[in-house]
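The sequence shown: position 304 = 307 (the working numbering), numbered continuously.
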Amino acid sequence: MIEENKTIKKIDSVENLLRQGKYREAIVIGEEIHKADPKEESVLLMLSWAYYDSGDTKQAVKHLNILLERELQRKVFTGFAFDELVRIYRQEKNFHKLVEICERAVTAQPEDVGLLTELGKAYLQSGQAKKACNIYEKLIVIEDDNPAFYCHWGEALFAAGLIQESEKAYLQASKIDSDQPDHYYFKIAVLFQQAGNHGEAKRLLNKCITVSPANPLYYCSLGDSLVGLGQIPKALKAYKMAVQYDNPGAGAYYNRLGHSLMKTNHFSEAVEAFKSAIVHDSAQPYYLSLAAAYKGMGLVDRADKIISEVKKIR
Numbered sequence: 004m005i006e007e008n009k010t011i012k013k014i015d016s017v018e019n020l021l022r023q024g025k026y027r028e029a030i031v032i033g034e035e036i037h038k039a040d041p042k043e044e045s046v047l048l049m050l051s052w053a054y055y056d057s058g059d060t061k062q063a064v065k066h067l068n069i070l071l072e073r074e075l076q077r078k079v080f081t082g083f084a085f086d087e088l089v090r091i092y093r094q095e096k097n098f099h100k101l102v103e104i105c106e107r108a109v110t111a112q113p114e115d116v117g118l119l120t121e122l123g124k125a126y127l128q129s130g131q132a133k134k135a136c137n138i139y140e141k142l143i144v145i146e147d148d149n150p151a152f153y154c155h156w157g158e159a160l161f162a163a164g165l166i167q168e169s170e171k172a173y174l175q176a177s178k179i180d181s182d183q184p185d186h187y188y189f190k191i192a193v194l195f196q197q198a199g200n201h202g203e204a205k206r207l208l209n210k211c212i213t214v215s216p217a218n219p220l221y222y223c224s225l226g227d228s229l230v231g232l233g234q235i236p237k238a239l240k241a242y243k244m245a246v247q248y249d250n251p252g253a254g255a256y257y258n259r260l261g262h263s264l265m266k267t268n269h270f271s272e273a274v275e276a277f278k279s280a281i282v283h284d285s286a287q288p289y290y291l292s293l294a295a296a297y298k299g300m301g302l303v304d305r306a307d308k309i310i311s312e313v314k315k316i317r
């Protein structure tokens with residue numbers, strides 16, 4: 004009992020040191036406890052946090068893997084170490100390791116929906132779109148009324164180059180969640196935009212607007228695709244509709260329009276968009292964007308003057 008009380012006090016001490024940001028001190032005490040009682044899993048978890056926050060990711064991963072091995076052997080999967088490792092590997096963009104631990108977890112718990120979802124995401128992030136498709140197809144069999152799984156499947160299908168099948172998956176999601184079909188039209192529209200296929204994006208965004216005509220986001224996105232198609236007057240009209248439905252957000256909308264125009268080298272139109280943004284909201288970033296548009300037009304002196312004025316305000 005005395006030894007147990009000492010251990011509890013040491014664990015409390017580690018927790019306090021972590022809260023104070025004293026990671027090295029926490030590690031010293033934590034390693035003492037771990038050496039004396041290797042089975043104490045709360046200490047393993049705290050040690051991993053301490054190592055990670057102190058900048059020693061390698062040691063953090065080492066301790067988390069010890070804990071993960073124990074988690075994988077249990078019938079009920081707690082997943083504390085798994086979640087932390089997934090977070091670390093995603094932050095580091097270490098997709099090889101991310102896939103590896105997700106595969107290990109699914110091998111141990113083959114019917115766990117959450118783990119299958121993570122494995123599908125890992126495959127997609129590592130560029131293995133077809134494997135991601137297979138995982139999401141399995142999930143759809145398990146839960147064929149879950150619109151989120153159809154969205155994941157649709158994203159994987161799109162990445163695999165199966166565009167028509169992707170759209171069908173999103174449309175199936177919209178049928179399941181029939182109260183907000185525009186939500187799913189928008190998801191596939193964004194994928195088309197990211198792929199530079201603004202014609203298909205425009206088609207789907209118009210469907211979004213038909214369902215939800217007062218949503219300013221849809222008009223902004225439609226405007227972006229119209230810019231991509233070179234239909235600038237129509238793009239300006241779409242953004243004006245966004246402002247009409249949400250005037251308090253006008254500054255942000257016109258700023259977004261300006262950047263969209265800048266990407267396609269429509270600098271003079273971008274200047275007007277940024278000026279409109281400033282009329283509604285004189286935020287400093289909008290002035291800097293205006294200066295960048297002037298530079299794009301070759302009007303460097305005018306751009307420098309704006310930047311100089313902004314620096315004075317600061």
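Each residue gets a CB set at the ideal place from its N, CA and C atoms; glycine is no exception.
Taken through DSSP and simplified to helix, strand or coil, LEU50 comes out as helix. When secondary structure is reduced to three states using DSSP, ARG77 falls in the coil class, being assigned neither helix nor strand. Annotated as proximal: ILE36 and ILE14, with beta-carbon spacing under 8 Å. With the rule of 3 Cβ pairs closer than 8 Å, the region 189-200 does not count as touching the region 232-241. Inter-residue distance for SER177 and ALA253 is about 30 Å (C-alpha atoms, whole angstroms). When secondary structure is reduced to three states using DSSP, ASN97 falls in the coil class, being assigned neither helix nor strand.
Contact between VAL116 and GLU146 is confirmed by a C-beta separation of about 7 Å, below the 8 Å threshold. Secondary structure note for ASN209: its alpha helix (DSSP H) is the uninterrupted segment 201-214. Residue state for LYS9 is assigned as helix, using DSSP reduced to three classes. Under the criterion of beta carbons closer than 8 Å, ALA273 and MET265 qualify as touching, at roughly 5 Å. LEU21 sits close to ALA53, with the two beta carbons spaced by under 8 Å. Taking the C-beta atoms as reference points, SER279 is found nearer than 8 Å to TYR257. Closest option to GLU121, judged by alpha-carbon separation, among ALA241, PHE85, GLU95: PHE85.
When DSSP states are grouped into helix, strand and coil, SER292 belongs to the helix group. DSSP places LEU165 outside both helix and strand once states are collapsed to three, so it counts as coil. In the structure shown, LYS25 falls within a coil segment according to DSSP collapsed to helix, strand and coil. Rounded to whole angstroms, SER311 and PHE152 show a C-alpha spacing of 51 Å. Judged by DSSP secondary structure, GLU140 falls within the alpha helix (DSSP H) whose first and last residues are 132-145. For the pair GLN112 and LYS171, the Cα-to-Cα distance works out to about 30 Å. If you draw a straight line from the Cα of LEU165 to the Cα of ASN209, it is about 22 Å long. Between the C-alpha atoms of GLY82 and GLU74 there is a straight-line separation of about 7 Å. In this structure, LEU48 lies away from LEU71, with their beta-carbon atoms at least 8 Å apart. In the DSSP annotation of this structure, the continuous segment of the alpha helix (DSSP H) that includes LYS266 starts and ends at 253-266.
Of the residues assessed, VAL17 falls on the buried side of the cut-off, its CB having 16 or more other CB atoms within 10 angstroms. Secondary structure of LEU232 (DSSP, three-state): coil. In this chain, the alpha helix (DSSP H) harbouring GLU272 covers 270-283. Each residue's CA atom was taken as its position, placing ASP59 and GLY24 some 14 Å apart. Nearest neighbour of TYR242 by Cα position, chosen from ASN268, LYS78, GLN131, PHE277, turns out to be PHE277. The Cβ atoms of LYS96 and CYS154 lie no closer than 8 Å to each other. A direct Cα-Cα distance of roughly 54 Å separates SER169 from ALA39. When DSSP states are grouped into helix, strand and coil, LEU302 belongs to the coil group. Counting along the chain, the unbroken alpha helix (DSSP H) around GLN128 starts and ends at 116-128.
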